[in-house]
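**Student:** Residue numbers (numbering that gives the first Met the number 0), protein chains in the order written: chain A, 0 to 208; chain B, 0 to 208; chain C, 0 to 208; chain D, 0 to 208. Dumping the structure here so I can ask a few things about it.
There are 4 protein chains.
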Amino acid sequence: MYTAFMNNSWEIASGSASPASRLGRPRSERARLAILDAAADLLIEGGLGAATMEAIAARAGVSKVTIYKWWPTRGAVAVDAYFHRSEPTNTIEETGDLARDLTNQLAKMIDAFAGRPGVVMAELIGQAQTDPNLAETLRSRWLKPRRDEAAAVLQRSIDRGEIRPDVDIPALMDQLFAPIYYRLTMQHEPLDEKLARTLVRTLLDGVRL
Amino acid sequence: MYTAFMNNSWEIASGSASPASRLGRPRSERARLAILDAAADLLIEGGLGAATMEAIAARAGVSKVTIYKWWPTRGAVAVDAYFHRSEPTNTIEETGDLARDLTNQLAKMIDAFAGRPGVVMAELIGQAQTDPNLAETLRSRWLKPRRDEAAAVLQRSIDRGEIRPDVDIPALMDQLFAPIYYRLTMQHEPLDEKLARTLVRTLLDGVRL
Amino acid sequence: MYTAFMNNSWEIASGSASPASRLGRPRSERARLAILDAAADLLIEGGLGAATMEAIAARAGVSKVTIYKWWPTRGAVAVDAYFHRSEPTNTIEETGDLARDLTNQLAKMIDAFAGRPGVVMAELIGQAQTDPNLAETLRSRWLKPRRDEAAAVLQRSIDRGEIRPDVDIPALMDQLFAPIYYRLTMQHEPLDEKLARTLVRTLLDGVRL
Amino acid sequence: MYTAFMNNSWEIASGSASPASRLGRPRSERARLAILDAAADLLIEGGLGAATMEAIAARAGVSKVTIYKWWPTRGAVAVDAYFHRSEPTNTIEETGDLARDLTNQLAKMIDAFAGRPGVVMAELIGQAQTDPNLAETLRSRWLKPRRDEAAAVLQRSIDRGEIRPDVDIPALMDQLFAPIYYRLTMQHEPLDEKLARTLVRTLLDGVRL
DNA sequence: AAGTAATCGAGACGGTACGTCCGGTCTTCCT
DNA sequence: AGGAAGACCGGACGTACCGTCTCGATTACTT
Numbered sequence: 000m001y002t003a004f005m006n007n008s009w010e011i012a013s014g015s016a017s018p019a020s021r022l023g024r025p026r027s028e029r030a031r032l033a034i035l036d037a038a039a040d041l042l043i044e045g046g047l048g049a050a051t052m053e054a055i056a057a058r059a060g061v062s063k064v065t066i067y068k069w070w071p072t073r074g075a076v077a078v079d080a081y082f083h084r085s086e087p088t089n090t091i092e093e094t095g096d097l098a099r100d101l102t103n104q105l106a107k108m109i110d111a112f113a114g115r116p117g118v119v120m121a122e123l124i125g126q127a128q129t130d131p132n133l134a135e136t137l138r139s140r141w142l143k144p145r146r147d148e149a150a151a152v153l154q155r156s157i158d159r160g161e162i163r164p165d166v167d168i169p170a171l172m173d174q175l176f177a178p179i180y181y182r183l184t185m186q187h188e189p190l191d192e193k194l195a196r197t198l199v200r201t202l203l204d205g206v207r208l
Numbered sequence: 000m001y002t003a004f005m006n007n008s009w010e011i012a013s014g015s016a017s018p019a020s021r022l023g024r025p026r027s028e029r030a031r032l033a034i035l036d037a038a039a040d041l042l043i044e045g046g047l048g049a050a051t052m053e054a055i056a057a058r059a060g061v062s063k064v065t066i067y068k069w070w071p072t073r074g075a076v077a078v079d080a081y082f083h084r085s086e087p088t089n090t091i092e093e094t095g096d097l098a099r100d101l102t103n104q105l106a107k108m109i110d111a112f113a114g115r116p117g118v119v120m121a122e123l124i125g126q127a128q129t130d131p132n133l134a135e136t137l138r139s140r141w142l143k144p145r146r147d148e149a150a151a152v153l154q155r156s157i158d159r160g161e162i163r164p165d166v167d168i169p170a171l172m173d174q175l176f177a178p179i180y181y182r183l184t185m186q187h188e189p190l191d192e193k194l195a196r197t198l199v200r201t202l203l204d205g206v207r208l
Numbered sequence: 000m001y002t003a004f005m006n007n008s009w010e011i012a013s014g015s016a017s018p019a020s021r022l023g024r025p026r027s028e029r030a031r032l033a034i035l036d037a038a039a040d041l042l043i044e045g046g047l048g049a050a051t052m053e054a055i056a057a058r059a060g061v062s063k064v065t066i067y068k069w070w071p072t073r074g075a076v077a078v079d080a081y082f083h084r085s086e087p088t089n090t091i092e093e094t095g096d097l098a099r100d101l102t103n104q105l106a107k108m109i110d111a112f113a114g115r116p117g118v119v120m121a122e123l124i125g126q127a128q129t130d131p132n133l134a135e136t137l138r139s140r141w142l143k144p145r146r147d148e149a150a151a152v153l154q155r156s157i158d159r160g161e162i163r164p165d166v167d168i169p170a171l172m173d174q175l176f177a178p179i180y181y182r183l184t185m186q187h188e189p190l191d192e193k194l195a196r197t198l199v200r201t202l203l204d205g206v207r208l
Numbered sequence: 000m001y002t003a004f005m006n007n008s009w010e011i012a013s014g015s016a017s018p019a020s021r022l023g024r025p026r027s028e029r030a031r032l033a034i035l036d037a038a039a040d041l042l043i044e045g046g047l048g049a050a051t052m053e054a055i056a057a058r059a060g061v062s063k064v065t066i067y068k069w070w071p072t073r074g075a076v077a078v079d080a081y082f083h084r085s086e087p088t089n090t091i092e093e094t095g096d097l098a099r100d101l102t103n104q105l106a107k108m109i110d111a112f113a114g115r116p117g118v119v120m121a122e123l124i125g126q127a128q129t130d131p132n133l134a135e136t137l138r139s140r141w142l143k144p145r146r147d148e149a150a151a152v153l154q155r156s157i158d159r160g161e162i163r164p165d166v167d168i169p170a171l172m173d174q175l176f177a178p179i180y181y182r183l184t185m186q187h188e189p190l191d192e193k194l195a196r197t198l199v200r201t202l203l204d205g206v207r208l
């Protein structure tokens with residue numbers, strides 16, 4: 000688990016780090032940012048294939064060892080770089096209208112996957128198939144927050160008595176989110192915002208006459 | 000497009016081979032099978048990472064050039080090897096009970112993804128993110144046949160007047176199949192046959208009270 | 000020994016070939032010439048390195064097997080091709096003036112080694128270091144005729160009483176010819192016709208005061 | 000020019016190494032020697048053909064990249080390995096007797112070319128026909144020192160008034176040394192020490208009655 | 001005319017080595 | 001102790017030729 004690395008900023012920010020960490024030369028924040036920026040640039044320009052450890056090190060003006068010191072695999076640097084650039088946009092305002100709120104969240108995600116960032120996310124997911132650390136990071140830092148948020152919206156709707164109380168919430172989440180990732184990775188159908196409305200409507204009302 | 004390579008058996012079987020193809024030493028069927036078997040074995044044993052061109056060549060007792068002659072990338076060999084082992088099982092009997100038929104098909108797919116073959120498929124999907132040929136082959140040889148079959152089942156149900164005639168069939172297909180691939184690749188929830196029933200039920204009836 | 004192959008033209012010309020050779024399809028003279036021409040062209044254009052069996056076959060419009068049928072190594076084809084283009088020029092007129100006759104022969108050889116043919120000969124000699132067949136062919140078809148001719152000139156001079164009768168003729172031949180090959184292959188000094196005069200003069204008169 | 004590589008030991012020995020060269024991990028002397036030893040062994044055992052980059056790397060327990068880092072071609076490694084084993088023996092004592100001194104030097108060279116080392120040298124010369132770097136190295140590190148030494152001996156003899164002062168010294172050098180290389184590479188006559196005496200005698204006194 | 005035999009083109013094949021790339025690890029000195 | 005520089009081993013890559021091997025087609029001579 001290298002999620003610890005993600006918390007570095009936090010550890011550094013907090014003044015009361017463990018006494019052991021106060022020995023020797025402190026970690027260079029300059030190097031950390033240079034690495035993340037270099038990796039992010041490479042990801043955007045040439046995808047995951049271009050973001051080799053060597054290329055990142057060269058571009059960041061940093062030695063390879065420094066990268067390995069803080070991130071175990073190239074996938075780890077890549078996710079961090081991805082979030083370094085695009086994390087902020089993940090909260091959503093809730094109106095109380097279930098269909099509208101869910102549609103909004105899906106549309107926001109579809110929008111975030113347009114263009115290069117979508118390609119990069121697809122490649123990260125691809126890489127995660129052979130990199131368990133990367134998979135775990137994607138789950139905990141990307142998927143879970145979004146699922147939790149939607150699940151909360153749904154739960155509140157259940158509480159309001161709009162939804163059958165016996166539903167399988169994780170399965171519902173999948174029926175909402177999975178098609179987006181599926182189209183992102185398989186490219187068999189276009190990934191546009193119309194999809195958001197269709198998914199929510201079918202989920203709520205079904206297709207049976 | 001290397002899908003042409005997949006059709007070799009078909010092309011050869013059909014009597015109308017191009018006259019040019021009768022010149023020179025014919026392709027060695029022995030080598031073709033040895034390659035596919037070696038690749039399939041390696042995939043099962045060690046995943047896509049183990050199915051190196053060199054390893055396949057060594058195990059098949061074949062030269063690397065012979066592989067490159069017929070498949071452009073290791074992904075290409077891998078899909079062919081995957082299908083070489085597992086293609087037959089894809090048709091489904093139709094009973095006329097929509098829910099039952101769809102559930103059966105999903106359950107069959109979930110079953111096919113249990114164990115090593117599921118891991119391999121996940122890795123193939125992962126690899127497809129950086130290998131457009133592989134992506135295209137997966138779409139045309141794996142996804143499409145299954146989607147087409149389910150779509151036909153759904154269409155007949157529409158014709159029988161059981162389903163709203165204005166539904167977005169591709170989106171429905173995604174709401175059925177995508178969660179399976181999503182759980183296969185992201186591993187955030189278990190992929191078991193209970194999921195099949197839940198997906199179909201929600202799709203047909205919705206969750207609204 | 001593939002010197003037999005060199006005699007092919009002779010064998011073909013002579014009507015009374017061995018009875019065994021009269022069975023089956025006769026050797027294609029067209030292919031033989033196409034091969035030699037292709038090889039010679041490649042030698043001139045890109046040296047021995049360019050005259051691969053595959054390149055020769057492709058350029059001659061001939062299958063590789065046909066070449067291997069008649070020549071065992073690429074060196075063999077190369078010498079034959081070299082002679083195919085440049086053999087005629089090797090006889091010399093004798094005037095009876097020893098110094099003049101020897102100088103003429105050396106000068107002629109130096110001239111033959113100017114430009115690309117010299118480079119090709121150097122490469123053939125180079126290749127002969129690891130190809131015994133090629134070495135033997137060079138000795139018997141190139142070196143020996145020239146040495147024999149010069150040796151005969153020298154012998155007649157001995158008979159005329161101009162030269163010490165106890166000389167080591169092979170060593171004399173080497174002291175005349177070797178410097179030319181040495182400069183051709185080592186390139187440490189220019190290979191020009193002035194060298195011919197110097198070599199002959201020193202050989203005849205020595206350098207002692 | 001990779002002769003620079005040959006001088007590494009010298010450059011390192013000299014105290015004035017460039018400041019840049021003190022950065023990073025220093026070159027591994029262990030690897031350098033392992034490579035040269037492995038190459039020399041392979042040369043002796045199987046000639047230049049056996050001294051592939053892969054074989055050298057495997058035998059030296061070194062990666063191919065490390066070899067390519069310091070030597071551009073296999074010829075380059077081969078010469079270095081050759082000299083690594085046999086360089087020391089090249090100086091000669093001078094007695095003041097011209098014939099004797101020259102004969103001694105030639106005999107020493109003939110002796111050095113007996114057995115496997117002679118074969119290897121012949122192959123190096125052969126390879127040099129298509130490898131300009133190798134050719135240059137042979138000239139500067141092998142031929143030139145020996146020619147310079149003999150030329151100095153000759154010059155002193157001229158100074159003593161024993162030899163015609165107008166002689167073409169390079170041509171004389173060739174008439175002495177070339178026959179040895181010629182017999183080494185063409186194998187048309189035996190290369191024994193008797194040749195040394197014959198060459199010197201003819202050079203000094205000529206053959207004219 | 002049918003049969004026999006060798007040749008030829010095309011091109012697939014196993015094999016060896018090539019020169020390169022990247023991953024991870026290491027060693028050195030500098031800060 | 002952290003970091004930049006960079007050398008190092010290992011493994012795989014994709015390519016070039018080699019020499020061998022099928023094929024089917026052609027071209028003679030022999031019955």
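Cβ coordinates follow ideal geometry from the N, Cα and C atoms, glycine included.
1) Using a C-beta cutoff of 7 Å, does B:E148 count as contacting chain A?
2) Could you check what DSSP says for A:I91 in three-state terms: helix, strand or coil?
3) Would you call the region 158 to 167 of chain B in contact with the region 184 to 196 of chain B, where contact means no fewer than 3 C-beta pairs closer than 8 Å?
4) Considering only the beta carbon of each residue, do B:D130 and B:T72 sit closer than 7 Å?
5) For A:V64, does the count of other Cβ atoms within 10 angstroms reach 16, so buried, or fall short, so exposed?
6) For chain B, find out if any of its Cβ atoms is closer than 7 Å to the Cβ of A:P116; answer yes or no.
7) Which of the three DSSP states is assigned to A:R163 in this structure?
8) For the region 106 to 191 of chain B, list the alpha helix (DSSP H) runs that are entirely contained and at least 4 residues long, ordered along the chain.
9) Pairing CB atoms from the region 90 to 107 of chain B with CB atoms from the region 136 to 154 of chain B, are three or more of them under 8 Å?
10) Using a Cβ cut-off of 7 Å (strictly closer), state whether D:T94 contacts chain C.
11) Going by the beta-carbon positions, is the gap between C:G45 and C:L133 smaller than 7 Å?
12) Alpha carbon to alpha carbon, what distance is there between A:Y81 and D:D36?
13) Which of the residues in the region 158 to 186 of chain B, read from start to end, lie with their CB under 9 Å from any CB of chain A?
14) State the Cα-Cα distance for the pair B:V118 and B:Y181, rounded to the nearest angstrom.
15) Quick one: any contact between the region 194 to 205 of chain A and the region 195 to 204 of chain B, if contact means 3 or more CB pairs under 8 Å?
16) Determine, for C:D204, whether the minimum Cβ-Cβ distance to residues of chain D falls below 7 Å.
17) Can you tell me whether B:R207 is helix, strand or coil according to DSSP?
18) Under 9 Å between beta-carbons, which chain D residues line up against C:I210? List them in chain order, please.
19) Helix, strand or coil for B:A59, going by three-state DSSP, please let me know.
20) Helix, strand or coil for B:R26? Go by DSSP, reduced to three states.
21) Alpha carbon to alpha carbon, how far is A:A111 from B:L142?
22) Could you tell me the boundaries of the alpha helix (DSSP H) in which C:D79 lies?
23) Suppose the cutoff is 8 Å on Cβ atoms and the five residues either side in sequence are ignored; what does the same chain contact list for D:S85 look like?
24) Nearest to A:A98 by CA position, among A:L123, A:S156, A:I66, is which residue?
25) Looking at the structure shown, is B:G45 part of a helix, part of a strand, or coil, going by DSSP?
26) Does the distance from the C-beta atom of B:A106 to that of B:V61 stay below 7 Å?
27) Should D:T72 be flagged as near chain C, meaning a C-beta pair shorter than 7 Å?
28) Interface residues of chain D around C:G48 at Cβ under 7 Å?
29) Note down, in chain order, each residue of its chain lying with its Cβ closer than 7 Å to the Cβ of D:A195, except the 5 sequence neighbours on either side.
30) Taking only beta-carbon positions, decide if D:G125 is within less than 7 Å of chain C.
31) Is there a C-beta anywhere in chain B that falls below 7 Å from the one on A:L142?
32) Measuring straight from C-alpha to C-alpha, what distance separates C:W69 and C:M120?
33) Would D:R84 count as contacting chain C if we go by Cβ distances under 7 Å?
34) From the DSSP output, in three-state form, read off C:W70 for me.
35) Using CA coordinates, which residue listed in B:A49, B:A77, B:E148, B:L32 is at the minimum distance from B:A59?
**Tutor:** Put simply:
1) No, B:E148 does not count as interfacial toward chain A.
2) In the structure shown, the three-state DSSP call for A:I91 is coil.
3) As far as the Cβ criterion goes, the region 158 to 167 of chain B does not touch the region 184 to 196 of chain B, which means the pair count is below three.
4) It is a contact, given that the beta carbons lie within the stated cut-off.
5) Under this definition A:V64 is an exposed residue.
6) Closer than 7 Å: no.
7) Shown here, A:R163 sits in coil according to DSSP, grouped into three states, outside any helix or strand.
8) Qualifying alpha helix (DSSP H) stretches, in chain order: 115 to 127, 131 to 136, 143 to 158, 168 to 185.
9) The region 90 to 107 of chain B is in contact with the region 136 to 154 of chain B.
10) No, no contact with chain C.
11) Not a contact, by the Cβ cut-off of 7 Å.
12) Each residue's alpha carbon lies about 49 Å from the other.
13) Within the region 158 to 186 of chain B, contact with chain A at the beta-carbon level (separation under 9 Å) is assigned to G160, E161, I162, R163, P164, V166, D167, P169, A170, L171, M172, D173, Q174, L175, F176, A177, P178, I179, Y180, Y181, R182, T184, M185, Q186.
14) So the two alpha carbons sit approximately 13 Å from each other.
15) A contact between stretches requires three or more CB pairs, one per stretch, nearer than 8 Å, and the region 194 to 205 of chain A meets this requirement with the region 195 to 204 of chain B.
16) So, interface residue.
17) B:R207 falls in the strand class under three-state DSSP.
18) The requested residue 210 of chain C is not part of the displayed model; chain C covers only 0 to 208.
19) Three-state result, B:A59: helix.
20) In the three-state DSSP reduction, B:R26 falls in the coil class, being neither helix nor strand.
21) CA-to-CA, the gap between A:A111 and B:L142 works out to about 25 Å.
22) Annotation for C:D79: the continuous alpha helix (DSSP H) segment containing it runs 73 to 85.
23) Within the same chain, D:S85 has close Cβ partners A111, P116.
24) The shortest C-alpha separation from A:A98 is found at A:S156.
25) Reduced to three states, the DSSP call for B:G45 is helix.
26) It is not a contact, given that the beta carbons lie outside the stated cut-off.
27) No, D:T72 lies away from the interface with chain C (no Cβ there is under 7 Å from its Cβ).
28) Close partners of C:G48 in chain D (Cβ separation under 7 Å): T129.
29) So the qualifying residues of the chain are T102, L105, A106, I109.
30) Answer yes: the Cβ-Cβ gap between D:G125 and chain C drops below 7 Å somewhere.
31) The Cβ of A:L142 sits closer than 7 Å to at least one Cβ of chain B.
32) Their Cα atoms are separated by approximately 22 Å.
33) No, D:R84 does not count as interfacial toward chain C.
34) Reduced to three states, the DSSP call for C:W70 is coil.
35) B:A59 has its Cα closest to that of B:L32, out of B:A49, B:A77, B:E148, B:L32.
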